[in-house]
Amino acid sequence: MSSYLRDDLQGLSAYGAPQLDVPVRLNTNENSYGVPDELATAIERALSAEIRGLNRYPDRDAVELRDALAAYLGVRTEQVWAANGSNEVQQQLLQAFAGPGRTALGFVPSYSMHPLLALGTATPWADGGRLPDFTLSAEHVVEQIRKHQPAITFLCSPNNPTGTALPLDVVEAALQEQQGLIVVDEAYAEFRRPETPSALSLLDAYPHLIVTRTMSKAFAFAGARLGYLAADASIVDDIQLVRLPYHLSALTQAAARAALAHSDLLLGTVNTIKEQRDRIVTSLRAAGFTVADSDANFVLFGEFADQKLAWQALLDQGVLVRDVGLTGWLRVTAGTPDETTAFLEAMEKLR
Numbered sequence: 001m002s003s004y005l006r007d008d009l010q011g012l013s014a015y016g017a018p019q020l021d022v023p024v025r026l027n028t029n030e031n032s033y034g035v036p037d038e039l040a041t042a043i044e045r046a047l048s049a050e051i052r053g054l055n056r057y058p059d060r061d062a063v064e065l066r067d068a069l070a071a072y073l074g075v076r077t078e079q080v081w082a083a084n085g086s087n088e089v090q091q092q093l094l095q096a097f098a099g100p101g102r103t104a105l106g107f108v109p110s111y112s113m114h115p116l117l118a119l120g121t122a123t124p125w126a127d128g129g130r131l132p133d134f135t136l137s138a139e140h141v142v143e144q145i146r147k148h149q150p151a152i153t154f155l156c157s158p159n160n161p162t163g164t165a166l167p168l169d170v171v172e173a174a175l176q177e178q179q180g181l182i183v184v185d186e187a188y189a190e191f192r193r194p195e196t197p198s199a200l201s202l203l204d205a206y207p208h209l210i211v212t213r214t215m216s217k218a219f220a221f222a223g224a225r226l227g228y229l230a231a232d233a234s235i236v237d238d239i240q241l242v243r244l245p246y247h248l249s250a251l252t253q254a255a256a257r258a259a260l261a262h263s264d265l266l267l268g269t270v271n272t273i274k275e276q277r278d279r280i281v282t283s284l285r286a287a288g289f290t291v292a293d294s295d296a297n298f299v300l301f302g303e304f305a306d307q308k309l310a311w312q313a314l315l316d317q318g319v320l321v322r323d324v325g326l327t328g329w330l331r332v333t334a335g336t337p338d339e340t341t342a343f344l345e346a347m348e349k350l351r
């Protein structure tokens, strides 16, 4: 590291997961199914239509894309904003509504980028912690909000890396405190179980609620980098004060519009992935492992005396999972049936 780096960044490591060439990669919560041929053709046509106009800047407000996202979510266009992945969306929220002297609150273990985004925007970070089973109660969330008085509170549902979802009463209890913005990160929302609600249902009642999502997971669109939020129109207006000009390329916008026009086709793999997730949960519990409830496309499992040794033992068998730094636990993505079988067979050798 150079001597020019900010003092508060010295000694830190960049975010990232190992990218290793192994037969079964189940460590980054990607959708294991490729883009269907029909959609690939539609995207090629959409990109081709943009190529000759690349000498011009794209629509900086991405109105057509936001129209399509609003239709998908069932909200109004003026309530939607899009950026390069939900990470950029959340970074823009911190730039606009947090910063020096304003605290961001999260509940660790949770998405590890949230405190890093806070750090990058010079926003003090407060960790509210979780209950031993990784859940959050309304009482605990309210207690932490009152304690830290945050400008922004991050709630993940389903939570990463645990997979646990939030009951709406927890989200609503946070909202009723009327303390700053409440950001519900729903990156894995399409994988939730039928009885698990979305915070989108609360949007009209609470103008300080923001729901962020991504096309990287259920839409199998991670390489395109498209995330978005739904919020009160005033929030969307404010974000545009800090967004970079023309932050979404014409090619990204065109590809995402084509994908949304084929959302039923793209989301066709969701139920298959959910079946594999549930298969992993059932199989690991039957084998004596502790498994967190999951409404996502991944499963947190343990408890190992040394999760690093377990991670290496799986890797030695050609199966890459994620060591999220949570003592005793590992996380595995639900992939194809064959990938699930390979993982479970490798786990048999760890017993």
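So the sequence shown is numbered by the working numbering: it starts at 1 and just counts up by one.
For each residue, glycine too, the CB sits at the ideal point set by N, CA and C.
Source: prediction; values computed, not measured.
- For Ala126, the uninterrupted beta strand (DSSP E) run begins and ends at Trp125 to Asp127, by DSSP.
- As the crow flies, the alpha-carbon of Glu195 is around 21 Å from that of Ala174.
- The distance from the Cβ of Ala96 to that of Ile239 is about 5 Å, consistent with a contact at the 8 Å cut-off.
- Of Ala189, Gln312 and Ala261, the smallest CA-CA separation from Leu20 is found for Gln312.
- Secondary structure at Thr282: helix, using DSSP grouped into helix, strand and coil.
- Judged by DSSP in its simplified three-state form, Leu314 adopts helix.
- If you keep only unbroken alpha helix (DSSP H) runs of at least 4 residues inside the region 221-250, you get 233-239.
- Within the DSSP secondary-structure output, Val211 pairs in a beta bridge with Val184 and Ala230.
- Here Leu117 carries a helix assignment [DSSP, helix/strand/coil].
- Counting along the chain, Ala82 sits inside the beta strand (DSSP E) bounded by residues Val80 to Ala83.
- DSSP places Arg331 outside any alpha helix (DSSP H); the residue lies instead in the beta strand (DSSP E), whose first and last residues are Trp329 to Thr333.
- Residues Glu190, Ala218 and Phe219 of the same chain have their beta carbon placed closer than 8 Å to that of Leu267, with the five preceding and five following residues left out of the count.
- For Ser283, the closest of Leu105, Glu345, Arg322 and Ser249 by C-alpha to C-alpha distance is Glu345.
- In terms of CA proximity to Phe289, Trp329 leads the group Leu320, Asn271, Arg257 and Trp329.
- A distance below 8 Å between beta-carbons, with the five flanking residues on each side excluded, links Leu241 to the following residues of its chain, in chain order: Ala96.
- Ala296 is a Cβ neighbour of Pro158, given a cutoff of 8 Å.
- In the displayed model, Gly302 falls within a strand according to three-state DSSP.
- Within its own chain, the residues whose Cβ lies closer than 8 Å to the Cβ of Ser249, once the five positions on either side in sequence are excluded, are Pro58, listed in chain order.
- Cβ atoms of Leu320 and Asn27 come within 8 Å of each other, at about 5 Å.
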